[in-house]
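Undergrad: Let me give you the structure first, and then I'll get to my questions.
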Amino acid sequence: MKTGIATVSISGNLEEKIEAIAEAGFDGIEVFEQDFIADSRSPREVGDRIRAAGLELMLFQPFRDFEGLPGALRTKAFDRAARKFDLMGELGCDLMLACSTVHPQSLGGIDRAAEDFAELGDLAAKHGVRVGFEALAWGRHIDDHRDAWEVVRRADHANIGLILDSFHTLGRGIDPNTIRRIPGDKIFFVQLADAPAIPMDLLYWSRHFRNMPGEGDLDVTGFMQAVMATGYAGPISLEIFNDQFRGGMPRAIARDGHRSLINLMDSVQRANPDVVGDTPLLPAPIEALGTEFIEFATQGAEGDAIATLLKTLGFTQTGRHVAKDMSLWQQGDIRIVLNAETKGHAHHSYIVRRTNVCDIGLNVASTADTVTRATALGSRRFEQVKGSGELDIPAIQGLGGSVLHFIDDDLRAVWDVEFTKEHGPQVGAGLTRIDHIAQTMSYDEMLSWSLFYTTLFDMEKAPMVDVIDPDGLVRSRALTSHDGQFRITLNGAETHRTLAGSFLADSFGASVQHVAFASDDIFATAQKLAELGFAPLPIPENYYADLAARFDLEPGFLADLKAANILYDRDGEGEFLQLYSRPFASSMFFEIVERRTGYSGYGAPNAPFRIAAQKRLARPKGMPSR
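All letters in the sequence shown, in the order written, are residues -12 to 613 by the working numbering.
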């Protein structure tokens, strides 16, 4: 099935849009009339440029306010149509979208509209083009695809068909299964868009808050299942009106769009394997079984500092790489690699960002399936010169310059093969595994990061939450595997004044701002950490006074929290305890957590107090980081 995208979906001029759409892997393009008008090239030159880029010109849109007009207005509408048909001939496009009228002088009536479209079909046939009729959700007389289909059915013309748009159907709460009764050959085109569930005016919602399938809350998969049940075999295309996308990087947005369509059709085929014919079935969304390792790029004094910090956290250096300047630190099931190489990816990452998390290793059942799905969704394989004795561990380039390696049972021997053993005393502080990884990006990039993870991995999205920073707002969303073994929090910064925003600015866009370790007994861990010289983030007396007011806590328990600088949250029967390190290396930090009785959150109510405490230890505002 061919994929397309409307030029209105991404930023830039028409040339930039064509280049981005072609590079992303789309088969075709919808040319939005305004994009064409703003271009200095002739229609023929624009059409030739699109085809030279390897794209099919699938649709010219939109043609507005056509049906139901009286007298001279009707005559003018047909004149406008003839002019657009001539233009389409020069462009080399055979399909035009006509959306239901919002003209204040238009007259209602299915038969009247059908008569207009039957006559328009005759005109279209003379020009060798077709017209698809789309019901706008805010149309004056027709705002439902069922009525639009009835107009097309009564027009009964080979050159007149229906165009379906998931937003116009789902945004109005219309059951998409009503599409199943429409003959597939009379559906000329299908446009797709998702959107967050926000109660607001339909037109404003549509013009500003659409997003890619899988990024919102609409049942786009159910919509496409209904479409495919009709026998439709034409293109599927994105028409996204979104303020963030209009200001984003066209290539990045286009890649997201293509990823969303591939994932959508894969989901549709999984649900209805007998309906979808020509879509190749991908490996199922990957179950991430946990975090195998976290790798820091670091050198010199910075490397020594993070090694010292790891020691105070109870980590032990257990090995060194056989051929590279890399050390392995372990505690429980946690592996941290410090990479001090002076060449390769880690070195490049360090030069740009100083000490940062440059690589994440994830446990998966099959590395082959993971890479196959990732590359089909548009991710690029990460390749680096392999040294003597090193295993070939598959990896992809993530977002923001990150790298993800994948390790299955066959590759878990890497720690024995590539690292020498150091048999020093295992200190330990009760840290068992990585609870979650917190990644920071600009708010405008959050949808991209969420789409990247949720299309590749089998993960659930938690609702967006607001994290209050003394200097602004940070939007946060958690992504979690079904068994909770792999958790990521995405934190979108809107200003450099917030802790998250300053981290991005100081690190030149590094993504991982903190790593959270799990403990089964955080008080015992805190005691051991104190013995090891760990310096916790100091939490003020006011916080614990407030805890006493908010929760019915035993005085001794509250005193223990205060003594160890542990933060506390409760959700139903579940409890969550948090202990933080002090900031290091461009506002990075470690967190230690204990989850009790099924607590599934991340202590969001504590975030403002934690951030305020971290900022008290930060460099003064305005002082450069280096």
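Even for Gly, the Cβ is constructed at its ideal location relative to N, Cα and C.
Which whole-angstrom value describes the C-beta separation of residue 524 and residue 600, a residue pair presumed to lie in contact below a C-beta threshold of 8 Å?
TA: 5 Å
Undergrad: CA-CA distance, residue 452 and residue 217?
TA: 40 Å
Undergrad: Label residue 187 either buried or exposed according to how many other C-beta atoms from any shown protein chain fall within 10 Å of its C-beta, with 16 as the threshold for buried.
TA: When all chains shown are included, residue 187 counts as exposed.
Undergrad: Does the beta-carbon distance from residue 410 to residue 445 come in below 8 Å?
TA: no
Undergrad: Buried or exposed: where does residue 370 fall if 16 or more other Cβ atoms within 10 Å of its Cβ makes it buried?
TA: exposed
Undergrad: Should residue 156 be labelled buried (16 or more other beta-carbon atoms within 10 Å of its own) or exposed?
TA: buried
Undergrad: Ordered along the chain, which non-local residues of its own chain (more than five positions away) have a Cβ less than 6 Å from that of residue 484?
TA: Apart from the 5 residues on each side of it in sequence, residue 484 sits with its Cβ closer than 6 Å to the Cβ of 458 and 459 in its chain, given in chain order.
Undergrad: Is the segment 125 to 145 touching the segment 177 to 187, taking contact as three or more C-beta pairs under 8 Å?
TA: Of all C-beta pairs linking the segment 125 to 145 to the segment 177 to 187, fewer than three are shorter than 8 Å, placing the two stretches out of contact.
Undergrad: Output needed for residue 36: all residues of its chain with C-beta closer than 8 Å, excluding positions within five of it in sequence on either side, in chain order.
TA: 2, 5 and 28.
Undergrad: With DSSP as the reference, please indicate the residues paired to residue 53 in a beta bridge.
TA: Note: residue 53 sits in no beta bridge, so no partner.
Undergrad: Determine the DSSP secondary structure at residue 441, reduced to helix, strand or coil.
TA: helix
Undergrad: Report back the beta-carbon spacing between residue 473 and residue 278 to the nearest angstrom; my notes put them in contact at under 8 Å.
TA: 7 Å
Undergrad: Out of 385, 552, 526 and 50, point me to the one whose CA is closest to residue 513's CA.
TA: 552
Undergrad: Just confirm the distance between the C-beta atoms of residue 9 and residue 44, as a whole number of angstroms; I'd bet it's less than 8 Å.
TA: The pair is not a contact, with the Cβ atoms about 12 Å apart (cut-off 8 Å).
Undergrad: Please return the same chain residues whose Cβ sits closer than 6 Å to the Cβ of residue 103, not counting the five positions on each side in sequence.
TA: 54
Undergrad: Classify residue 402 as helix, strand or coil using the three-state DSSP reduction.
TA: In the structure shown, residue 402 falls within a helical segment according to DSSP collapsed to helix, strand and coil.
Undergrad: Near residue 124, what residues of its chain come up, given a Cβ to Cβ distance below 6 Å and the 5 sequence neighbours on each side ignored?
TA: Excluding positions up to five away in sequence, the list reads 130, 155, 158, 159 and 189.
Undergrad: Hey, quick one: how far does the beta strand (DSSP E) through residue 149 stretch, first residue to last?
TA: 147 to 152
Undergrad: Please report how far the alpha carbon of residue 335 lies from the alpha carbon of residue -12, in whole angstroms.
TA: Going by the C-alpha atoms only, they are around 40 Å apart.
Undergrad: Alpha carbons only, please: which of 247, 323, 149 and 298 is nearest the one belonging to residue 281?
TA: 323
Undergrad: In the DSSP output, what is residue 318 paired with across the bridge?
TA: 321
Undergrad: Less than 7 Å between C-beta atoms, sequence neighbours within five positions excluded: which residues of the same chain meet that for residue 413?
TA: 303
Undergrad: Taking DSSP as the reference, what is the three-state secondary structure of residue 90?
TA: coil
Undergrad: Along the chain, where does the alpha helix (DSSP H) that runs through residue 374 open and close?
TA: Per DSSP, residue 374 belongs to no alpha helix (DSSP H) and is neither H nor E.
Undergrad: Give me whichever residues DSSP pairs with residue 562 in a beta bridge.
TA: 557 and 583
Undergrad: Pick helix, strand or coil for residue 104, following the three-state DSSP scheme.
TA: helix
Undergrad: Give the list of continuous alpha helix (DSSP H) stretches no shorter than 4 residues that lie fully inside the segment 189 to 236.
TA: 189 to 196, 207 to 216 and 230 to 233
Undergrad: Considering just the uninterrupted stretch of the alpha helix (DSSP H) at residue 494, what are its terminal residues?
TA: 486 to 494
Undergrad: Just checking, does the segment 579 to 594 make contact with the segment 302 to 322 on the three C-beta pairs under 8 Å criterion?
TA: Result no; under three Cβ-Cβ pairs closer than 8 Å.
Undergrad: May I ask you to check if the CB of residue 49 is nearer than 7 Å to at least one heavy atom of the ligand HEM?
TA: This structure does not include the ligand HEM; it has no bound ligands of any sort.
Undergrad: Take residue 34 as the anchor and find which of 72, 50, 80 and 325 has the nearest alpha-carbon.
TA: Among 72, 50, 80 and 325, the Cα nearest to that of residue 34 belongs to 80.
Undergrad: So for residue 159, helix, strand or coil by DSSP?
TA: In the three-state DSSP reduction, residue 159 falls in the coil class, being neither helix nor strand.
Undergrad: Around the C-beta of residue 493, are 16 or more other C-beta atoms found within 10 angstroms, so that it is buried, or is it exposed?
TA: buried
Undergrad: State the DSSP-derived secondary structure class of residue 10, mapped to helix, strand or coil.
TA: helix
Undergrad: Can you list, in chain order, the residues of its chain with a C-beta nearer than 6 Å to that of residue 376? Leave out the 5 residues immediately preceding and following it.
TA: 309
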